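**Student:**
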Amino acid sequence: MTRDILRKIIGGILLVSIICIGFSKPFQEYIHIPINLTVFEGDQARYNMAETVNATVKTPDEQLAVVQDKEVITLSANEPGKNEMFLDLAGFPIKKVDVEVLKDFKVIPGGQSIGVKLNTVGVLVVGHHQINTINGKMSPGDLAGIKIGDIITKINGKKIEKMSDVAPFVQAAGDSGKPLKVSVTRDEGKFETELLPLKDKNEPNFKLGLYIRDSAAGIGTMTFYHPQSKKYGALGHVISDMDTKRPIIVDDGQILRSTVTSIEKGSNGNPGEKLARFKDEKEVIGNIDRNSPFGIFGKLNRGLNNDLMDKPMPIALSHQVKEGPAQILTVVENDKVQLFDIEIVSTIPQKFPATKGMVIKVTDDELLEKTGGIVQGMSGSPIIQNGKVIGAVTHVFVNDPTSGYGVHIEWMLNEAGINIYENQEERAS
Numbered sequence: 001m002t003r004d005i006l007r008k009i010i011g012g013i014l015l016v017s018i019i020c021i022g023f024s025k026p027f028q029e030y031i032h033i034p035i036n037l038t039v040f041e042g043d044q045a046r047y048n049m050a051e052t053v054n055a056t057v058k059t060p061d062e063q064l065a066v067v068q069d070k071e072v073i074t075l076s077a078n079e080p081g082k083n084e085m086f087l088d089l090a091g092f093p094i095k096k097v098d099v100e101v102l103k104d105f106k107v108i109p110g111g112q113s114i115g116v117k118l119n120t121v122g123v124l125v126v127g128h129h130q131i132n133t134i135n136g137k138m139s140p141g142d143l144a145g146i147k148i149g150d151i152i153t154k155i156n157g158k159k160i161e162k163m164s165d166v167a168p169f170v171q172a173a174g175d176s177g178k179p180l181k182v183s184v185t186r187d188e189g190k191f192e193t194e195l196l197p198l199k200d201k202n203e204p205n206f207k208l209g210l211y212i213r214d215s216a217a218g219i220g221t222m223t224f225y226h227p228q229s230k231k232y233g234a235l236g237h238v239i240s241d242m243d244t245k246r247p248i249i250v251d252d253g254q255i256l257r258s259t260v261t262s263i264e265k266g267s268n269g270n271p272g273e274k275l276a277r278f279k280d281e282k283e284v285i286g287n288i289d290r291n292s293p294f295g296i297f298g299k300l301n302r303g304l305n306n307d308l309m310d311k312p313m314p315i316a317l318s319h320q321v322k323e324g325p326a327q328i329l330t331v332v333e334n335d336k337v338q339l340f341d342i343e344i345v346s347t348i349p350q351k352f353p354a355t356k357g358m359v360i361k362v363t364d365d366e367l368l369e370k371t372g373g374i375v376q377g378m379s380g381s382p383i384i385q386n387g388k389v390i391g392a393v394t395h396v397f398v399n400d401p402t403s404g405y406g407v408h409i410e411w412m413l414n415e416a417g418i419n420i421y422e423n424q425e426e427r428a429s
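At position 186 of the sequence shown (counting the first as 1) the number is 186 in this note's numbering, and the numbers step up by one without a gap.
(1) What three-state label does DSSP hand residue 48 in the structure shown?
(2) Which two residues bound the contiguous beta strand (DSSP E) that contains residue 121?
(3) Can you tell me where the alpha helix (DSSP H) holding residue 153 begins and where it ends?
(4) Considering only the alpha carbon of each residue, which of 379, 385 and 390 lies closest to residue 396?
(5) Alpha carbon to alpha carbon, what distance is there between residue 225 and residue 304?
(6) Using the C-alpha atoms, what's the distance from residue 133 back to residue 258?
(7) When DSSP builds the beta bridges, which residues end up paired with residue 184?
(8) On the three-state DSSP scale, how would you describe residue 363?
(9) Nearest-angstrom Cα distance between residue 249 and residue 294?
(10) Would DSSP call residue 381 helix, strand or coil?
(11) Could you tell me if residue 340 is buried or exposed, where buried requires 16 or more neighbouring beta carbons within 10 angstroms of its beta carbon?
(12) Counting only runs of 4+ residues fully inside the region 37-102, write out the alpha helix (DSSP H) ranges in chain order.
(13) Rounded to whole angstroms, what's the CA-CA distance from residue 158 to residue 116? Just pull it up for me.
(14) Since residue 292 and residue 275 should fall inside the 8 Å C-beta cutoff, what is the C-beta to C-beta distance between them, to a whole number of angstroms?
(15) Which parts of the region 315-351 are runs of the beta strand (DSSP E), unbroken and 3 residues or longer, counting only runs that do not cross its ends?
(16) Between the region 328-342 and the region 366-380, are three or more C-beta pairs nearer than 8 Å?
(17) In its own chain, which residues sit with a C-beta less than 7 Å from the C-beta of residue 222, not counting the 5 before and 5 after it?
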């Protein structure tokens, strides 16, 4: 056998061996390790690897350690800081992972049913109506170019905060015959217009020809409370006006405790609903200063207990959430928070904030019997997996009420103004 033939045979054997190793599941696991890995102090990350893959840390110390046992590599994050982990195969480097260890961070999960009161910036236009004048039917607001969804912020230079602020201007303008100078906000732009109120021939008062609203109310579920900063997050999705379907621009608002009185069970094509009432309208437990695609946010006047998980719990970042069993905390009767089983059907590790990071499915027989799955009012129910808060329920699938979407907790924390990348002292300030 010639030397060239022997060389080709040995090369072929090596090539087949490398291909076999490359297609083996343990070896393939390294592909799924991100090149940038963020973990919390005290966490451990485990990965299955081929025995031929070796892992080392650039500066092994108490901050970050790697232990390799056959086909399992365990990364232990002991202290905050930055480091690098290297993976090599037979001495050849195949991957470098930048590892950032964040300071230990915890929140108290919610699950409580809450009442929500929102006060808009100015007054919201939710419709037009025709006034039966001596010259025929017409809407002064429509003639002035004001559209549904517009927000009236000023009249004659004076700030408008509530509906009762509008009436005196309308009557005075009608009596004088001078049009109102109206400042309007539309889609984050602003303009001014003139509007002359008209009188219905069968009524004494002048009118704008507009339906307006200055507040909204509803119920939802508390997601988390951060005791150091007193900040909270709830709902997991934006609150939109029921008529205009547009997000409500919040001036301020309040949250109150609520109690669930009954459940309208969901079915295919017909999402169910929690029916609830405010427990005590005088007992305001927190404010609302932000209404965003990720929920409502503000500060609580005091801590809230759910009588199940009242101690601070660690959180999981989006890349740490796994498909498989999980639980949600929510209320289906009175004000009792209960823990129910769900399944994380899919989860997407997200580098940027997004509202639909998880698909979830209710698997708990008791919850399915009571609600049919996910119902309106359940939005914001915290999702728990492996002892960590990982996100919140946000939406139900209309054609399958047992399933819906969830949002990752890190994006809700970001919207609440809590930077998990800062140290604890900065967050509490």
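Quick reminder that beta carbons are idealized off the backbone N, C-alpha and C, glycines included.
Note that the structure is a prediction, hence the values are computed from the model and not measured.
**Tutor:** Reading it off the structure:
(1) To locate residue 48, count along the sequence shown from 1; it is residue 48. Here residue 48 sits in strand by DSSP.
(2) One-based indexing of the sequence shown puts residue 121 at position 121. 113-128 is the span of the beta strand (DSSP E), which, as asked, contains residue 121.
(3) Here the question's residue 153 lines up with position 153 in the sequence shown. Run containing residue 153: none in the alpha helix (DSSP H); it sits in the beta strand (DSSP E), 151-155.
(4) Here residue 396 refers to the residue found at position 396 of the sequence shown. Answer by Cα proximity: 379.
(5) On the sequence shown, position 304 is the one that residue 304 refers to. On the sequence shown, position 225 is the one that residue 225 refers to. Rounded to whole angstroms, residue 304 to residue 225 spans 8 Å at the Cα level.
(6) Your numbering for residue 258 matches position 258 in the sequence shown. Your numbering for residue 133 matches position 133 in the sequence shown. Rounded to the nearest angstrom, the two C-alpha atoms are 45 Å apart.
(7) By 1-based counting over the sequence shown, the position of residue 184 is 184. Bridge partners of residue 184: 152 and 191.
(8) Taking the sequence shown and counting its residues from 1, one reaches residue 363 at position 363. It is coil, neither helix nor strand.
(9) Within the sequence shown, residue 249 is the residue found at index 249, counting from 1. Within the sequence shown, residue 294 is the residue found at index 294, counting from 1. If I take the Cα positions, the gap works out to 14 Å.
(10) Here residue 381 is taken as the residue at index 381 of the sequence shown, counted from 1. Residue 381: coil per DSSP, three-state reduction.
(11) Mapped onto the sequence shown, residue 340 falls at position 340. By the neighbour-count rule (16 or more Cβ atoms within 10 Å), residue 340 is buried.
(12) none
(13) Position 158 of the sequence shown, counted from the start, is the residue given in the question as residue 158. Position 116 of the sequence shown, counted from the start, is the residue given in the question as residue 116. In a straight line, the C-alpha of residue 158 is about 28 Å away from that of residue 116.
(14) Taking the first residue of the sequence shown as 1, we reach residue 292 at position 292. Taking the first residue of the sequence shown as 1, we reach residue 275 at position 275. Between residue 275 and residue 292 the Cβ distance is about 26 Å, and since that is not below 8 Å, they are no contact.
(15) 324-331 and 337-347
(16) yes
(17) Numbered from 1 along the sequence shown, position 222 holds the residue referred to as residue 222. So the list reads 110, 111, 112, 114, 232, 234, 304 and 380, once near-sequence residues are dropped.
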